[in-house]
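Line by line, the protein sequences are chains E and R. Mind the numbering: the first sequence is residues 1 to 322 in the numbering used here, read in order. Mind the numbering: the second sequence is residues 323 to 644 in the numbering used here, read in order. Where a beta carbon is used, it is the ideal one built from N, C-alpha and C, also for glycine. Here's the structure, in structure tokens; my notes come after.
There are 2 protein chains.
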Amino acid sequence: VEVREIGEFGLIERLRRALTGGHPRLLVGVGDDAAVWRAEGRFLLFTIDSLVSGVHFLPGRHPWEDVGWKALAVNISDIMAMGGVPEVAVVALALPPDMPLDHVDSLYQGLEECARTYDVALAGGDIVQAPQVSIGVALVGRALEGPEGPLLLRRDGARPGHVVAVSGPLGESAAGLRRLLAGAPADDPLVRVHLRPHPPLALGQEAARKGIPCAIDISDGLLQDLGHVARMSGVGIELWAHRIPIPQEVWSAFPREALTLACAGGEDYQLALVGREDIVLSLTPPPTVIGRVIEGEGVRVLDERGHDVTPQERGWNHLRQR
Amino acid sequence: VEVREIGEFGLIERLRRALTGGHPRLLVGVGDDAAVWRAEGRFLLFTIDSLVSGVHFLPGRHPWEDVGWKALAVNISDIMAMGGVPEVAVVALALPPDMPLDHVDSLYQGLEECARTYDVALAGGDIVQAPQVSIGVALVGRALEGPEGPLLLRRDGARPGHVVAVSGPLGESAAGLRRLLAGAPADDPLVRVHLRPHPPLALGQEAARKGIPCAIDISDGLLQDLGHVARMSGVGIELWAHRIPIPQEVWSAFPREALTLACAGGEDYQLALVGREDIVLSLTPPPTVIGRVIEGEGVRVLDERGHDVTPQERGWNHLRQR
Numbered sequence: 001v002e003v004r005e006i007g008e009f010g011l012i013e014r015l016r017r018a019l020t021g022g023h024p025r026l027l028v029g030v031g032d033d034a035a036v037w038r039a040e041g042r043f044l045l046f047t048i049d050s051l052v053s054g055v056h057f058l059p060g061r062h063p064w065e066d067v068g069w070k071a072l073a074v075n076i077s078d079i080m081a082m083g084g085v086p087e088v089a090v091v092a093l094a095l096p097p098d099m100p101l102d103h104v105d106s107l108y109q110g111l112e113e114c115a116r117t118y119d120v121a122l123a124g125g126d127i128v129q130a131p132q133v134s135i136g137v138a139l140v141g142r143a144l145e146g147p148e149g150p151l152l153l154r155r156d157g158a159r160p161g162h163v164v165a166v167s168g169p170l171g172e173s174a175a176g177l178r179r180l181l182a183g184a185p186a187d188d189p190l191v192r193v194h195l196r197p198h199p200p201l202a203l204g205q206e207a208a209r210k211g212i213p214c215a216i217d218i219s220d221g222l223l224q225d226l227g228h229v230a231r232m233s234g235v236g237i238e239l240w241a242h243r244i245p246i247p248q249e250v251w252s253a254f255p256r257e258a259l260t261l262a263c264a265g266g267e268d269y270q271l272a273l274v275g276r277e278d279i280v281l282s283l284t285p286p287p288t289v290i291g292r293v294i295e296g297e298g299v300r301v302l303d304e305r306g307h308d309v310t311p312q313e314r315g316w317n318h319l320r321q322r
Numbered sequence: 323v324e325v326r327e328i329g330e331f332g333l334i335e336r337l338r339r340a341l342t343g344g345h346p347r348l349l350v351g352v353g354d355d356a357a358v359w360r361a362e363g364r365f366l367l368f369t370i371d372s373l374v375s376g377v378h379f380l381p382g383r384h385p386w387e388d389v390g391w392k393a394l395a396v397n398i399s400d401i402m403a404m405g406g407v408p409e410v411a412v413v414a415l416a417l418p419p420d421m422p423l424d425h426v427d428s429l430y431q432g433l434e435e436c437a438r439t440y441d442v443a444l445a446g447g448d449i450v451q452a453p454q455v456s457i458g459v460a461l462v463g464r465a466l467e468g469p470e471g472p473l474l475l476r477r478d479g480a481r482p483g484h485v486v487a488v489s490g491p492l493g494e495s496a497a498g499l500r501r502l503l504a505g506a507p508a509d510d511p512l513v514r515v516h517l518r519p520h521p522p523l524a525l526g527q528e529a530a531r532k533g534i535p536c537a538i539d540i541s542d543g544l545l546q547d548l549g550h551v552a553r554m555s556g557v558g559i560e561l562w563a564h565r566i567p568i569p570q571e572v573w574s575a576f577p578r579e580a581l582t583l584a585c586a587g588g589e590d591y592q593l594a595l596v597g598r599e600d601i602v603l604s605l606t607p608p609p610t611v612i613g614r615v616i617e618g619e620g621v622r623v624l625d626e627r628g629h630d631v632t633p634q635e636r637g638w639n640h641l642r643q644r
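Here is the structure:
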């Protein structure tokens, strides 16, 4: 049996089972956007994500500065999805010996810009030799705290009656990637969204403070990411195609695939929130309600007449046979 | 200019300069064994290290369980070298799709055994596709604290008059690697030391509690690692060849290269301590004094008659042209 037969999520589930019972220090272990542990009265968040050349970006297409930005931004997105405050990051770089030094400098610059923008302290790391470039970033943050403990946006907090909302437009990043691969320049507006994701960090914190119970960041694709929420919460999710915020630029560039790009394209790094409608709509800026939580299981997309229009593609699952 | 021309340490220095001025949250940033930051009255340690297939281990030679163990152990070694207590780790796995699933299970098992042995909570991670296997582990720990602040073993704490001591035998791991590559089985005693390093974590904590100011773990090679201490402390180090603890098995296996293996072989994951002789010798078990700190710069090895016998090889510097 090879790993492609069970894919990324199968492997994560297998790791969860290998770590029998977790550890008393852990409040949240394998399976949410970030781990949570108790550190003498404080609750800390921990996440790690890697970008691999040829898998997450293509040298010669993706500018190194943007790769550096994104390597940190995707981790900030995970802390956002728990409602936390990112604090300190370390970087593991794997580089081939013939990589031009000015590429590394550009990579550093992008990392530093993102760290400055989100007030994250970059604290060092590790550099090793490898046949191709990869950038791993680990990020620690803290949970906001209320009178009764940490305020966390968890994947398992969705309940029937909740609405599902998203913080911003979907499909731009996937559309931008297609344009980039087709030769569009790095300053094309859709390409910019793909290269420089800006997770709306403050929104996650406001949601946690206001008691929203559930969120996930949209990294692999809306359907796949909400699929984790549905499975871990033991509920079903119904999305309304006409409410999904797909920008005009995405419709113009890919008229027949816009819904699929928005539902399965991934890398939007927007926040999907699940909770009481009045609280969700009180956030600033108010997210767009795109569906609701129901009894049942799975995630479906319906059109205005109630017909199932769920795209076949669901999103990115590393290693999974396609 | 390519990265091989400045190597791993040149790249780290360049990163340090790119992060102009550090961040107010950081007590120790780029350049020590682990970063240190202030988290509301508590001092946390943060480190990251990766093992890359073909660079740090060879599939078919290095059993996957041992690779898993080592991926976490090398990070525990960094926390040890700051005198800290490791707490929580996350893992970034990069795998090719055709990797057999039982190899991944073995890898997980080794990680889990090491986590259990050192009471580290494994909190999850990230799995991505890549052409070859790499395992990145990020580890957070806490610093022990005294009445005046965190008790840290730092690289810049060496002063003339201090002794230099090591926690255990040197050269076994490098000798074990050579034997492994020559076809020795995984249960050969020297090969075991190479495959399953056991950083003496409690010793680092005792040293920190007793006020030892300076330490580093021996990962790249004794000369190279103490070279960082000498440079960052602005001192010279004189080592005495006949005092370096090189086991009989290493002399028997590699009679002409034993001193070089002990001085430059690396991956011993022993602790090198620098401080007052009486305090160093009061530790349990007492480390072996192998030299002293002097005015000047650099690291030299002398024989019993005071002749310079410093091996030409100094240790491992990733990416550096050889």
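From the DSSP output, read off the bridge partner residues of residue i.
| i | result |
| --- | --- |
| E/D187 | Answer by DSSP bridge pairing: none, since E/D187 is not bridged. |
| E/Q129 | E/L95 |
| E/C263 | E/C263 pairs with nothing; no bridge assigned. |
| E/F43 | E/R38 |
| R/C536 | R/R476 and R/V596 |
| E/D308 | E/L302 |
| E/D49 | E/V137 |
| E/G146 | E/G149 |
| R/E435 | None; R/E435 has no bridge partner. |
| E/I294 | E/G236 |
| R/F379 | R/S375 |
Counting only Cβ pairs nearer than 9 Å, list the residues of chain R close to residue i.
| i | result |
| --- | --- |
| E/M99 | E324, V325, R326 and L641 |
| E/Q109 | A340 |
Work out the CA separation of residue j and residue i for me, nearest whole Å.
| i | j | result |
| --- | --- | --- |
| R/M404 | R/V551 | 13 Å |
| E/E5 | R/P567 | 49 Å |
| E/S134 | R/E387 | 23 Å |
| E/G22 | E/A39 | 16 Å |
| E/R322 | E/A138 | Low per-residue confidence applies at E/R322: pLDDT is 43, beneath 50, and the placement is therefore not dependable, though the value from the model is reported in the following sentence. Roughly 29 Å separates the two Cα atoms. |
| E/P286 | R/E324 | 48 Å |
| E/I290 | E/A241 | 8 Å |
| R/C536 | R/L429 | 34 Å |
| R/H486 | E/L226 | Note that residue 486 of chain R is Val in the sequence shown here, rather than His. Distance between the alpha carbons of R/V486 and E/L226 is about 56 Å. |
| E/N317 | E/L72 | 20 Å |
| R/T632 | R/L581 | 9 Å |
| E/V91 | R/P408 | 18 Å |
| E/V166 | E/L223 | 12 Å |
| R/A497 | R/F576 | 7 Å |
| E/E277 | E/G161 | 9 Å |
| E/D105 | R/A357 | 21 Å |
| R/I449 | R/M554 | 36 Å |
| R/V352 | R/I334 | 7 Å |
In chain R, which residues lie less than 8 Å from residue i when you measure between Cβ atoms?
| i | result |
| --- | --- |
| E/E87 | R347, W359 and A361 |
| E/I294 | Here the premise fails: no neighbours, minimum Cβ distance about 29 Å. |
Give the residues of chain E in contact with residue i, contact being defined as C-beta atoms less than 8 Å apart.
| i | result |
| --- | --- |
| R/V426 | V3, L11 and R14 |
| R/R364 | A39, E40 and R42 |
| R/S456 | A94, A130 and S134 |
| R/S604 | Chain E residues near R/S604: none, gap ~29 Å exceeds 8 Å. |
Let me confirm a value: residue i is counted as buried when at least 16 other C-beta atoms fall within 10 Å, else exposed. Which label applies?
| i | result |
| --- | --- |
| R/G637 | buried |
| R/R476 | buried |
| R/A524 | exposed |
| E/T284 | exposed |
| R/D542 | buried |
| R/H516 | buried |
| E/Q248 | exposed |
Residues of chain E with a CB under 9 Å from the CB of residue i: which are they?
| i | result |
| --- | --- |
| R/F368 | V88, A89, V90, A123, G124, A138 and V140 |
| R/I398 | Residues of chain E passing the Cβ test: none, with the nearest at roughly 14 Å. |
For residue i, return the contacting residues in chain R, with the cut-off set at a CB-CB distance below 7 Å.
| i | result |
| --- | --- |
| E/Y269 | What E/Y269 touches in chain R: nothing, since even the nearest Cβ is about 15 Å away. |
| E/A73 | Correct list: empty, because the minimum Cβ distance to chain R is about 15 Å. |
| E/A186 | In chain order: nothing, as chain R lies at least about 21 Å away. |
| Residues in the stretch 340 to 355 of chain R with C-beta within 9 Å of chain E's C-beta atoms, listed in sequence order? | A340, L341, T342, G344, H345, P346, R347, L348, V350, G351, V352, G353 and D354
| Residues from the stretch 463 to 495 of chain R in contact with chain E, defined by Cβ distance under 8 Å | R464
| message | Give me the subset of the stretch 540 to 559 of chain R whose CB atoms are less than 9 Å from a CB atom of chain E, sorted by chain position. | response | none
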